[in-house]
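Residue numbers (this note's numbering): 2 to 261. Quick notes on the structure that follows.
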């Protein structure tokens, strides 16, 4: 089981991405950077990232002791992180057998996207009314970094920036709890998003959609902002069927009957 470092041999070819570069020091620095958070939450974030980016793949076992040793923490916060991963639908804890990463649930992706759209539409309406010029500048700086990550073909970095983009909008208008709900429900979505970056969903298209969201907020155009958010968050509905067909070993075929 690998929490940091390159993905397992063979995994990059399976998902269409090059080996990811982060090393142990980089992982530990990310954990240390969130010192205002409980250790279990920080461990959860690191494990979540490893699962989303396929460094820990569906069906693979994860060990409390291995994770504790690699991250330099005790087993208790790791145990708590495992519980949160189970609640997020990323792992299955089987008594006397161990903890295993689950396959991507198509149904859970649809459910999470529905919840996320409802919340982010509410957030963007508030953003149109409340975001200031300095906030817009911050978002455009993030967009510049997204463009650089796309040019460097760094999917992990792009996903981090994508996450920061949406989180910034929510936090700058005082919707921290709404963002936490989004964050806790979209783990399955994030795995699909990572898989889609190879070719199913071109990164330049996603960046253009982000630009449209910022432009609409800056123009104080509520209707345009809502339309831009809907278009962006429904992108996954186009890529999901293709990815589930291409990588059947990564998905659980539980597509809702009305969407078959």
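Glycine residues also receive a C-beta, built at the ideal position from the N, C-alpha and C atoms. Remember, it's a predicted structure, so these values are computed and weren't measured experimentally.
(message) Please report the distance separating the alpha-carbon of residue 130 from that of residue 70.
(response) 48 angstroms
(request) Determine the DSSP secondary structure at residue 178, reduced to helix, strand or coil. (result) helix
(message) If I measure Cβ to Cβ from residue 244 and keep anything under 7 angstroms in the same chain, skipping five residues before and after, which residues do I get?
(response) Excluding sequence neighbours, residue 244 sits near 193, 196, 197 and 201.
(message) For residue 252 and residue 107, which I take to be in contact (beta-carbon distance under 8 angstroms), what is that distance rounded to the nearest angstrom?
(response) 6 angstroms
(message) Check this for me: beta carbons of residue 102 and residue 52, under 8 angstroms apart or not?
(response) yes
(request) Express the C-alpha separation of residue 223 and residue 217 in angstroms, rounding to a whole number. (result) 7 angstroms
(request) May I ask which residues mark the beginning and end of the alpha helix (DSSP H) holding residue 138? (result) 134 to 152
(request) Could you tell me if residue 121 is buried or exposed, where buried requires 16 or more neighbouring beta carbons within 10 angstroms of its beta carbon? (result) Looking at its Cβ environment, which holds 16 or more other Cβ atoms inside 10 Å, residue 121 is buried.
(message) Quick check: what's the CA-CA separation for residue 155 versus residue 90?
(response) 26 angstroms
(request) Could you have a look at residue 54 and say whether DSSP puts it in helix, strand or coil? (result) coil
(request) Mark residue 171 as exposed unless 16 or more other C-beta atoms lie within 10 angstroms of its C-beta, in which case mark it buried. (result) With 16 or more other Cβ atoms within 10 Å, it is buried.
(request) Taking residue 112 as the reference, give the member of 235, 162, 167 and 47 with the closest Cα. (result) Considering only alpha carbons, the answer is 235.
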